[in-house]
Every structure is written in structure tokens, then in C-alpha cells.
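These notes concern the structure reproduced below.
There are 2 protein chains.
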Amino acid sequence: MVSKKEEIVTVARGLHARHGDAGVSMRNIAGKLGVTPTALYRHYRDKEAVMAAVVAEGFALLVEYLTRSSTPGVLDFMQRFLDFALDEPGLYDIMFLRARRDVRRYPEDFAAHRSPSFDALRTAVEQEMRDGKLRRDNALETTLTIWSHAHGLISMFTLGRFGADAEAFRSIYRSSVRRLYRGVAVPKKRSHR
Amino acid sequence: MVSKKEEIVTVARGLHARHGDAGVSMRNIAGKLGVTPTALYRHYRDKEAVMAAVVAEGFALLVEYLTRSSTPGVLDFMQRFLDFALDEPGLYDIMFLRARRDVRRYPEDFAAHRSPSFDALRTAVEQEMRDGKLRRDNALETTLTIWSHAHGLISMFTLGRFGADAEAFRSIYRSSVRRLYRGVAVPKKRSHR
DNA sequence: GTTTGCATGTTAACGCTGTTAACGTTAACG
DNA sequence: CGTTAACGTTAACAGCGTTAACATGCAAAC
Numbered sequence: 010m011v012s013k014k015e016e017i018v019t020v021a022r023g024l025h026a027r028h029g030d031a032g033v034s035m036r037n038i039a040g041k042l043g044v045t046p047t048a049l050y051r052h053y054r055d056k057e058a059v060m061a062a063v064v065a066e067g068f069a070l071l072v073e074y075l076t077r078s079s080t081p082g083v084l085d086f087m088q089r090f091l092d093f094a095l096d097e098p099g100l101y102d103i104m105f106l107r108a109r110r111d112v113r114r115y116p117e118d119f120a121a122h123r124s125p126s127f128d129a130l131r132t133a134v135e136q137e138m139r140d141g142k143l144r145r146d147n148a149l150e151t152t153l154t155i156w157s158h159a160h161g162l163i164s165m166f167t168l169g170r171f172g173a174d175a176e177a178f179r180s181i182y183r184s185s186v187r188r189l190y191r192g193v194a195v196p197k198k199r200s201h202r
Numbered sequence: 010m011v012s013k014k015e016e017i018v019t020v021a022r023g024l025h026a027r028h029g030d031a032g033v034s035m036r037n038i039a040g041k042l043g044v045t046p047t048a049l050y051r052h053y054r055d056k057e058a059v060m061a062a063v064v065a066e067g068f069a070l071l072v073e074y075l076t077r078s079s080t081p082g083v084l085d086f087m088q089r090f091l092d093f094a095l096d097e098p099g100l101y102d103i104m105f106l107r108a109r110r111d112v113r114r115y116p117e118d119f120a121a122h123r124s125p126s127f128d129a130l131r132t133a134v135e136q137e138m139r140d141g142k143l144r145r146d147n148a149l150e151t152t153l154t155i156w157s158h159a160h161g162l163i164s165m166f167t168l169g170r171f172g173a174d175a176e177a178f179r180s181i182y183r184s185s186v187r188r189l190y191r192g193v194a195v196p197k198k199r200s201h202r
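Which chain is which? The protein sequence lines are A and X, in order.
Residues in the first sequence are numbered from 10 upward in steps of one, following this note's numbering.
Residues in the second sequence are numbered from 10 upward in steps of one, following this note's numbering.
Structure representation (C-alpha cells):
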């Protein structure tokens, strides 16, 4: 037996999954639940509170995606992150493309490990720095750079800037990540060592 | 003497500049013009058409920003792009953070030089590849990588993920761009040459 | 066993949104 | 002088989030 609150976010998630867009209203949710819109306000303060609950579920799912890898390398995480975005465009939209009142802020919240998803990537980054795969650098900032690049591409895709061909986009994404790895500049001669 | 159509987009831009957000309605625009909302429909098919006109003005302004540099290097363009985003968060929002019906699509439209702003950056990229500053690589894709990274960061900022301190963000942005330049991976030994 | 109280719902309404249909006014032109 | 186009109006509809006031049923308390 699930609580009413959970039922509401489940329905809200479902509606979002469909027409990804903002086309999910209190009246929609209530309708699907066979209830009048105002009943929802017994359980959530306002619409944004419902969305916050959906976002929380979204992040839980994202973490599940990210930790699904047996080999949790950074490149693997990038792949899983893309999988999540393509599987759940509606969720991605409200999680990363809309202003909310409870967003985690860089750097405080991320430095303090208040974002499990960011932390998963960051841990992998730190590991690969130790392993000599990634340059030794500020791990927090490096994670941000990697995440931003991925988010930039993905958000452009979900806004329709790459057409609808997800496979084509996957390939663009992969090669762009590789480019970030290697850098766009011509490497300077290494002085010594 | 400006046309009614121009007056409308000017007012719409102004409203957007204020509370950046979606808080610009047909009724707002009409009110500022001293006219009833329905009058706007003489000049534009619907709200999205008004927005499209605002977006067009936005891109013109962006190109102006980008070409304001005396030394149109890639790093310079990144700087100007950030300036534009910080000066015009409302414009940035509707230009890059919302789905529209007339978006340029990658790669077709960009390969065909239908985006003056993208092209400005791309030209700089090509130049720096010739100058031996950037790696010789696919210029279109490289430009996309660079743009995506910048857009990812900026969109996070405009959605409040970095607090409100623009100066702090500027510094994060700059160092992240540098990281993209140099690459995050440990460079492989160059085989010869 | 009645009563109290809480959880949960409803109806009616307010003010906001984009948008339409139908109707009016004004100026220009042949 | 009559026609036409440009421009604007009023009234209305359907949708939105949200509030206030009112109902109901069930569980615990006296």
C-alpha cells in the first residue's frame, strides 16, 4: 500500500514521461487519480512541491543508472548519463532545465557531498586521477567541466537541436566527450620530466 | 518611424529583460503598448511568433557581441558569449533554454552556414587550427564541443545553480574553458614527430 | 456508545493565461 | 463616393494554479 503522496508523484512522473513538456497540470494529475484538483493540496503545498517530489524520484533513478555499471569509469558514467536522459526526457527536463527553489548550488552543496549523482561521477574522477588516466587537477572543478559539457549537449538535444535521431546524437555525444578528454588545443611541449 | 511589429518585439524584449523568466504575457505586452491583447494578433500569428521575433533580435545582438572583439580568437568569443548571457539573461533564456518551432538543427543548418553566431565561432576555430593553436580536427564538431560546454555552464548559472555571484561564476567559467582547451585526460606520449 | 478530531475529499470561485469570433473605426485610393 | 485594408475593440472560451468554505467517514477518546 503506497501513500497518497507517492501515488501523486507516480502519476505526475507518468504524465511527464508522455509529452515530456510542461503539459502536466494539477488538473491532469488529479484527473488521472479520479479526484478533484484541489484534493492534491492536502498532500502538497503547491505544484512546485509536487515537482520537487518528482525531481527527487528522478535523482534516485539517475543514481541507479549511474551505479548500474560494473566498471564505474568516467566514460561509463557519461554513457549512463546519456542513457538516462534519452530514456527519461521528461524527467531530465524538470531536473535540469527548469528553475526550482531547492537546487543544489555549486560549489557548497557539491563540495559537501549533498548531491549523490554528482558525487558518483566525482568519485570516479578522483579514482582515475589516482590511476593516472586523468590529469591531476581539482576534482570538483573537473567533474563540473565534464558534467557541464554533457549537460550542454543533452539539453540541446532535448530541445530539438539535433532532430529526433537519438542514435546519431549518441555518436556525436561520444565523440564530443572524447574531444573533451583529449582537449581542443594543441598540447604544449612538456618542459621536462 | 518603426512598424507596429517592431514596437511589439521591443516591448516583449524589455519585459523579458526585467524578470527574465516566462513572466511575459500577451496581456503584459499589450498593456505596455496601451492596446488590448487581441490587437497583437493583427501582427503576429500567436505568442510563439512574437517570441520568434524576439529571438531573432537576440541573435542579432549576440552576433554584435561576438564581433565586438578586435581580436576574434576563440577564447575571446567565449568571453563575449558569457558577457551576452550575463547582460541578457532573459534573451538567453528564450534563445537557448526553450523549445521553439524554428530551431536550427545540427549538423545541417550549421554546416550550411545558416547560423551567423555559430559561424562566427566556427570561423575562429578554423583560423586557430590553421595557426597551430587548436588541434586539426573537424571544425564543425569542435565548435559544437566548445559551444556545448559553454552553454552547459551558462544554462546552469541562469537556472540558479551557482548562486547569484556573477563574478564568481565568471572565474569558474574561464577556468573550465581552459580545462576544455587542455583536455581532462593525461596526454598520451606522442609517438613521434 | 457517543463524541471528538483528523484525514481526506468536494464545490465554488478568483485571477491569471492564450486565443477566437464578430464587430467597429479610420485613412487611402481609384 | 464607394471600396478596401489596416488596426483596433468587446465578449467570450477553455485552460491554468490556487484559496476558502464546506462535507464526509473513520479511528481514537471519554
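Don't be surprised by glycine CBs; every beta carbon is placed ideally from N, CA and C.
Alpha-carbon spacing of F178/A relative to V18/X, whole angstroms
Numbered from its first residue, the first sequence carries residue 178/A at position 169. Numbered from its first residue, the second sequence carries residue 18/X at position 9. Here the alpha carbon of F178/A sits roughly 34 Å from the alpha carbon of V18/X.
How would you write the range of the beta strand (DSSP E) that A214/X sits in, first residue to last?
Only positions 10 to 202 of chain X appear in the structure, and residue 214/X is not among them; the question remains open.
Would a C-beta distance cut-off of 8 Å place E150/X and G82/X closer than the cut-off?
Sequence index remark: in the second sequence, residue 150/X carries index 141 (1-based). Sequence index remark: in the second sequence, residue 82/X carries index 73 (1-based). Taking a C-beta distance under 8 Å as the contact criterion, E150/X and G82/X do not qualify as a contact pair.
Ordered along the chain, which non-local residues of its own chain (more than five positions away) have a Cβ less than 8 Å from that of S185/X?
Within the second sequence, residue 185/X is the residue found at index 176, counting from 1. Short of 8 Å from the beta carbon of S185/X, and not among the five residues preceding or following it, lie these beta carbons of its own chain, in chain order: H158 and L162.
Among the residues of its own chain, which have a CB less than 8 Å from the CB of Y53/A, if the five just before and after it don't count?
Position 44 of the first sequence, counting from 1, holds the residue named residue 53/A. Taken in chain order, the residues that qualify are K14, I17, V59 and A62.
For A69/A, which three-state DSSP category applies?
As a working note, residue 69/A is residue 60 in the first sequence. Correct three-state label for A69/A: helix.
Helix, strand or coil for L84/X, going by three-state DSSP, please let me know.
By 1-based counting over the second sequence, the position of residue 84/X is 75. Per DSSP, reduced to three states, the secondary structure at L84/X is helical.
So, does the CB of K56/X fall closer than 8 Å to a CB anywhere in chain A?
Position 47 of the second sequence, counted from the start, is the residue given in the question as residue 56/X. Taking 8 Å as the threshold, the shortest C-beta distance from K56/X to chain A does not fall below it.
Using C-beta distances below 7 Å, list every residue in its chain close to E66/A, excluding the 5 sequence neighbours before and after it, in chain order.
For this step, residue 66/A is matched to residue 57 along the first sequence. Taken in chain order, the residues that qualify are V18 and R22.
Return no unless some Cβ of chain X is closer than 8 Å to the Cβ of M35/A.
As a first step, residue 35/A must be located in the first sequence, where it is residue number 26. It does not; no Cβ of chain X falls within 8 Å.
At what residues does the alpha helix (DSSP H) containing T45/A begin and finish?
Here residue 45/A refers to the residue found at position 36 of the first sequence. Neither: T45/A is in no alpha helix (DSSP H) and is coded neither H nor E.
For chain X, check one thing: does any of its Cβ atoms lie closer than 8 Å to the Cβ of H160/A?
For the purposes of this step, residue 160/A is taken as residue 151 along the first sequence, with counting starting at 1. Contact with chain X is found for H160/A, since one of that chain's Cβ atoms lies less than 8 Å from the residue's Cβ.
Which of helix, strand or coil DSSP assigns to R145/A:
Looking up residue 145/A in the first sequence gives position 136. For R145/A, the secondary structure class from DSSP, reduced to helix, strand or coil, is coil.
Could you list which residues in chain X have their beta carbon closer than 8 Å to that of K142/A, in chain order?
As a position in the first sequence, residue 142/A is number 133, starting the count at 1. Per Cβ cutoff of 8 Å: A194 and V195.
Thinking just about the alpha-carbon of each residue, which of D55/X, D85/X and F68/X is nearest to the one in F105/X?
Position 96 of the second sequence, counting from 1, holds the residue named residue 105/X. When the alpha-carbon of F105/X is set against those of D55/X, D85/X and F68/X, the nearest one is in F68/X.
Are the C-beta of V112/A and some C-beta of chain X separated by less than 8 Å?
In the first sequence, the residue the question calls residue 112/A occupies position 103. Using a Cβ-Cβ cut-off of 8 Å, V112/A counts as an interface residue toward chain X, since at least one Cβ of chain X sits closer than that to its own.
Any beta-carbon of chain A closer than 8 Å to the one on L168/X?
As a first step, residue 168/X is located in the second sequence; it is residue number 159 there, counting from the start. Closer than 8 Å to some Cβ of chain A, the Cβ of L168/X qualifies, so yes.
Using a Cβ-Cβ distance under 8 Å, would L71/X count as near chain A?
Residue mapping note: residue 71/X aligns to position 62 of the second sequence, counting from 1. No, no contact with chain A.
Is F90/A closer than 8 Å to L70/A when the C-beta atoms are compared?
Indexing the first sequence from 1 puts residue 70/A at position 61. Indexing the first sequence from 1 puts residue 90/A at position 81. No, the pair does not count as a contact, with Cβ atoms beyond the cut-off.
Assuming R131/X is part of the alpha helix (DSSP H), what are its boundary residues?
The count along the second sequence starts at 1 and reaches residue 131/X at position 122. P125 to R139 is the extent of the alpha helix (DSSP H) around R131/X.
At least one CB of chain X closer than 8 Å to the CB of L101/A: is that the case?
Sequence index remark: in the first sequence, residue 101/A carries index 92 (1-based). Reading the sequence as shown, one finds Tyr at residue 101/A and not Leu. Not an interface residue.
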